[in-house]
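Notes follow once the structure below has been shown.
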Amino acid sequence: MIRYFYQLIVVLVICSVSKAEHKVVPLELFSAHGNLEVTLWAQSPMLYNPTNMDIDKDGRIWVAEGVNYRRHGGRKPEGDRIVVLQDTNGDGKADSSHTFVQEKFLTAPLGVAVIDNKIIVSMTPDLVIYTDVNRDLKFDPEVDKREVLFTGFNSKQHDHSLHSVTAGPDGKWYWNHGNCGAQFTDKSGKTFRVGSAYQMRQIAGKESDDGSVWIGGTAYRMNPDGTNVEVIGHNFRNSYEQTITSFGDVFQNDNDDPPASRTSFLLEYGNAGFCSADGKRSWQSDRRPGQSTPIAEWRQEDPGTMPSGDVYGGGSPTGICFYEGGALGEPYSKGLLLSCEPARNTVFGYLPVQEGAGFKLERFDFLTTNAAQEFAGTDFKGGRTNNDQKTLFRPSDVVVGTDGAIYVADWYDPRVGGHADHDNTLSGAIYRVAPKGFKSTTPKIDLNSTEGQILAIKSNAANVRNLGFTALKKQKDKAIPA
686 MIRYFYQLIV VLVICSVSKA EHKVVPLELF SAHGNLEVTL WAQSPMLYNP TNMDIDKDGR
746 IWVAEGVNYR RHGGRKPEGD RIVVLQDTNG DGKADSSHTF VQEKFLTAPL GVAVIDNKII
806 VSMTPDLVIY TDVNRDLKFD PEVDKREVLF TGFNSKQHDH SLHSVTAGPD GKWYWNHGNC
866 GAQFTDKSGK TFRVGSAYQM RQIAGKESDD GSVWIGGTAY RMNPDGTNVE VIGHNFRNSY
926 EQTITSFGDV FQNDNDDPPA SRTSFLLEYG NAGFCSADGK RSWQSDRRPG QSTPIAEWRQ
986 EDPGTMPSGD VYGGGSPTGI CFYEGGALGE PYSKGLLLSC EPARNTVFGY LPVQEGAGFK
1046 LERFDFLTTN AAQEFAGTDF KGGRTNNDQK TLFRPSDVVV GTDGAIYVAD WYDPRVGGHA
1106 DHDNTLSGAI YRVAPKGFKS TTPKIDLNST EGQILAIKSN AANVRNLGFT ALKKQKDKAI
1166 PA
């Protein structure tokens, strides 16, 4: 009888969610930098609770959903989805949405990357590659392939675990995980052991097979087949994602809500300083008299620690991308770094300027609903929520489209941080930021021709550029005359 009652409650909850009225933040509440315009590109029921997204060469947006998030893990018994959205008629709004894959294993995946016909999904404890063999944009286990590239990432259903993959200009794949830690073996046979004072304490300070000790949140690069994994930075708290420029510079954000969230240039092989060098002690344990929180937390007075970048206090940063040209025009053409800050209802913008061995990062609000900074529903405000619409914009990811516009995914919720979500409608949206009157055009890329490969390598979208690089590399000297 008790079991029947429980099942009935689950059914009623699912039905109530499916019938709930989906919501979006009104467009008039948005303020975009300069003369840029914000438009609504897609909304529920085309997608729900977006955690991450990517762009393919035809301008489609692929979204990882997190309906089964944490304590609400049973909201969709058949599992979470990777969905594909498209504007088929060029009117600036998505008019097509379908499921690429849905399975019980997917419970709030935190990353999706589309590299040719490989869809890479970050779903702790695994990094999974779905290969769309027949390229019909739907995963069919009878035809297509599913491979677990790596396993061993700690803490399923935890924001501090495995995050998305991004292709770099060197043809390598870049990715990271937070300070939940990991113990995994790459396809070359090397085992990495990464612990910290937070989790995986039993391996904190232990040497990995590459002969080094890696601590806490860690960033990697590797060959696309999973061989030759290399650590490029470590000792973060929880960097949600990374972005790589065409020059190979890596930028990231890192979360510590409330004291000292930050946006940083990742100095190659840098130590961010969140834990002690042996992974045994927190920054609070080693804080010296007179040190401010930003200085102590990122160990800025300790030798061997990378510059902390822009430390702005309380926050909960998520997706990040780098704009290198496209639709926006000036003053963004020399490079625009964008970092989502859902705790502050804002997407931060930076125009990085090289300074010494790094970059000077001066922050501005690129997109916000809360210029007044009247925040709610965040850890640095004690988790207290309200229903003020300006505090419900929770940008979870930002990408540059193949058309050169900026696309921002909105989780939409009164609460962010602390693994909490309060929006029972599961509402989600994607907003477009572009010049006023912008008409979206996606270049037609033929990867079978040298001209098409060059067009791909010039794409505004990072993972599309990788297609051109890979194809031209295969041609070797044959591509030189072009």
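For what it's worth, my numbering labels the leading residue of the sequence shown as 686, then goes sequentially.
Each residue gets a CB set at the ideal place from its N, CA and C atoms; glycine is no exception.
None of the values given here were measured: they were computed from a predicted structure.
- In the three-state reduction of the DSSP assignment, Asp963 falls in the coil class, being assigned neither a helical nor a strand state.
- With respect to the C-alpha of Gly933, the residue from Asn923, Glu926, Leu951 and Ala1146 having the closest C-alpha is Leu951.
- The continuous stretches of alpha helix (DSSP H) do not include Ile1165, and DSSP gives it neither H nor E.
- Note that the C-beta distance between Cys1006 and Ala882 is not below 8 angstroms.
- Beta-bridge partners assigned by DSSP to Cys1025: Val1032.
- Rounded to the nearest whole angstrom, the CA to CA distance from Ile1115 to His757 is 23 angstroms.
- Burial state of Gly751 is buried, judged by a 10 Å Cβ sphere holding 16 or more other Cβ atoms.
- Rounded to whole angstroms, the gap between the alpha carbons of Trp983 and Ser993 is 6 angstroms.
- Every alpha helix (DSSP H) of 4 residues or more that sits fully in the region 1115 to 1162 is shown, in chain order, as 1135 to 1142 and 1147 to 1160.
- With fewer than 16 neighbouring CB atoms inside 10 Å of its own CB, Ala1167 falls in the exposed class.
- Within the region 1030 to 1069, the beta strand (DSSP E) runs of at least 3 residues that lie entirely inside it are, in chain order, 1031 to 1035, 1038 to 1040, 1043 to 1045 and 1048 to 1053.
- Per DSSP, the continuous alpha helix (DSSP H) segment holding Ser970 begins and ends at Trp968 to Asp971.
- For Pro979, the enclosing alpha helix (DSSP H) has its first and last residue at Thr978 to Glu982.
- Of the residues Ala749, Leu770 and Phe835, the one whose Cα lies closest to the Cα of Glu788 is Ala749.
- Excluding sequence positions up to five before and after Pro730, its CB lies less than 6 angstroms from no other CB in the same chain.
- In the assembly as shown, Pro1016 is an exposed residue. Its beta-carbon has fewer than 16 other beta-carbons within 10 Å.
- The residues Val833 and Thr836, in chain order, have a CB closer than 6 angstroms to that of Asp811 in the same chain once the five nearest residues on each side in sequence are set aside.
- Judged by DSSP in its simplified three-state form, Leu721 adopts strand.
- In the DSSP assignment, Tyr1092 is bridged to Val1084 and Arg1117.
- The C-alpha of Val1101 lies about 13 angstroms from the C-alpha of Thr1031.
- In this structure Glu926 is buried. Its beta-carbon is surrounded by 16 or more other beta-carbon atoms within 10 angstroms.
- His843 sits in coil when the DSSP states are folded into three classes, being neither helix nor strand.
- In this structure, the straight-line span from the alpha carbon of Gln1138 to that of Thr1155 is close to 9 angstroms.
- Shown here, Thr1076 sits in a helix according to DSSP, grouped into three states.
- Residues of the same chain with a CB within less than 6 angstroms of the CB of Arg1117, apart from the 5 flanking positions on each side, are Thr724, Trp726, Ala1090 and Tyr1092 in chain order.
- Contact between the region 905 to 916 and the region 868 to 877 is present, with at least three C-beta pairs closer than 8 angstroms.
- Here Asn819 is exposed: its Cβ has fewer than 16 other Cβ atoms, across all protein chains shown, within 10 Å.
- Rounded to the nearest whole angstrom, the C-alpha separation of Trp968 and Ala717 is 37 angstroms.
- Following the DSSP letters along the chain, one finds Phe715 in no beta strand (DSSP E), marked with neither H nor E.
- Within the same chain, Thr1087 and Leu1140 come within 7 angstroms of Pro1128 by CB-CB distance, once the 5 residues on both sides are set aside.
- Asp825 sits exposed, since fewer than 16 C-beta atoms from the chains shown fall within 10 Å of its C-beta.
- Ile740 is positioned such that its CB atom lies no closer than 8 angstroms to that of Val996.
- The way I'd put it, the region 706 to 720 doesn't touch the region 763 to 777; fewer than three beta-carbon pairs between them come closer than 8 angstroms.
- An exposed status is given to Ala1057, since fewer than 16 other beta-carbon atoms sit within 10 Å of its beta-carbon.
- Shortest Cα-Cα distance from Phe1065 to any of Thr1054, Gly1034, Arg1029 and Val1084 involves Arg1029.
- Counting the other Cβ atoms within 10 Å of the Cβ of Pro974 gives fewer than 16, which makes it exposed.
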